[in-house]
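So the sequence shown is residues 11 to 187, counted in this note's numbering. Every residue gets a Cβ at the ideal spot worked out from N, C-alpha and C, and that includes glycine. Just below is one structure, and these are the notes that go with it.
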Amino acid sequence: MRHLIPTLALALTAAPLAAQDEDIGGPVDTASGTVTGTLNFEDVAWSVTSEDILGGSRWQDADSGRLVRIVATPERDHEGRGGALMIEFVAAGGPAAYGVAQPQVSFQPEGADDVWTAGPENVDLIVEALTVEGDEMALGGSIFATMVPGGSDELIIEAEDSLRLDGNFQATIYSDQ
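If you want it as structure tokens, here you go:
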């Protein structure tokens with residue numbers, strides 16, 4: 011009984027706060043999460059967003075698996091390189107082991123017109139966890155990508171004009187269906 015009272019008190023105080031969020035009119039299904047790591051050996055950190063930047067974060071079912079798009083913008087308190095980041099791939103398989111197909115990473119530096127892109131030959135993406143409940147997908151993994159302006163269909167071994175992303179991602183995104 012002594013354990014029930016603090017739990018009940020916490021639930022009762024949290025309920026009005028949850029109701030306030032809906033009253034404010036903000037979206038209930040808002041993507042969240044982070045992408046952290048290095049970009050050309052500089053520390054970087056992005057926040058996953060639902061905003062319509064590069065199409066926004068979302069997922070959808072398809073014949074080939076689940077199409078996943080994670081869009082992230084620089085964290086405000088991080089002094090690393092600014093710009094929007096997009097990670098796209100198809101997650102195929104089941105909950106025990108998801109395979110990754112057609113990975114692509116794009117980075118648009120702040121204030122630049124060029125988009126740096128890495129296609130499937132230049133992306134190593136591992137999904138370490140992925141769960142779906144209703145229209146919500148929670149996932150996490152690691153990524154290594156070598157990006158060049160405009161992208162390349164060929165494997166990039168060494169390029170002077172390239173950006174290398176080495177990081178991890180954790181995100182909660184929602185279906186657009």
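Pick from the options: whose alpha carbon is nearest that of residue i?
{"i": "Val58", "options": "Thr48, Glu98, Ala82", "result": "Ala82"}
{"i": "Arg76", "options": "Gly92, Ala101, Glu61", "result": "Ala101"}
{"i": "Gly93", "options": "Leu135, Asp124, Ser67", "result": "Asp124"}
{"i": "Arg98", "options": "Gly160, Ser42, Arg174, Ile153", "result": "At residue 98 the sequence reads Glu, which differs from the Arg that was named. Closest option to Glu98, Cα to Cα, is Ile153."}
{"i": "Gln187", "options": "Thr46, Ser67, Glu164", "result": "Ser67"}
{"i": "Trp126", "options": "Asp163, Ala181, Gln180, Ala41", "result": "Asp163"}
Residue range of the beta strand (DSSP E) that residue i falls in?
{"i": "Gln114", "result": "107-119"}
{"i": "Leu173", "result": "173-184"}
{"i": "Gly47", "result": "42-49"}
Quick one: Cα of residue i to Cα of residue j, how far?
{"i": "Glu120", "j": "Asp73", "result": "35 Å"}
{"i": "Thr141", "j": "Met96", "result": "20 Å"}
{"i": "Leu149", "j": "Val54", "result": "20 Å"}
{"i": "Glu85", "j": "Val110", "result": "27 Å"}
{"i": "Asp134", "j": "Asp39", "result": "29 Å"}
{"i": "Glu168", "j": "Gly177", "result": "19 Å"}
{"i": "Leu165", "j": "Thr48", "result": "21 Å"}
{"i": "Trp56", "j": "Thr46", "result": "6 Å"}
{"i": "Ser42", "j": "Glu170", "result": "34 Å"}
With burial defined as no fewer than 16 other Cβ atoms inside 10 Å of the residue's Cβ, what is the status of residue i: buried or exposed?
{"i": "Ala122", "result": "exposed"}
{"i": "Asn50", "result": "exposed"}
{"i": "Glu61", "result": "exposed"}
{"i": "Leu64", "result": "buried"}
{"i": "Ala139", "result": "exposed"}
{"i": "Gln70", "result": "exposed"}
{"i": "Gly104", "result": "exposed"}
Taking the Cβ atom as the reference point for each residue, do residue i and residue j lie within a distance shorter than 8 Å?
{"i": "Asp145", "j": "Tyr184", "result": "yes"}
{"i": "Phe179", "j": "Gly161", "result": "no"}
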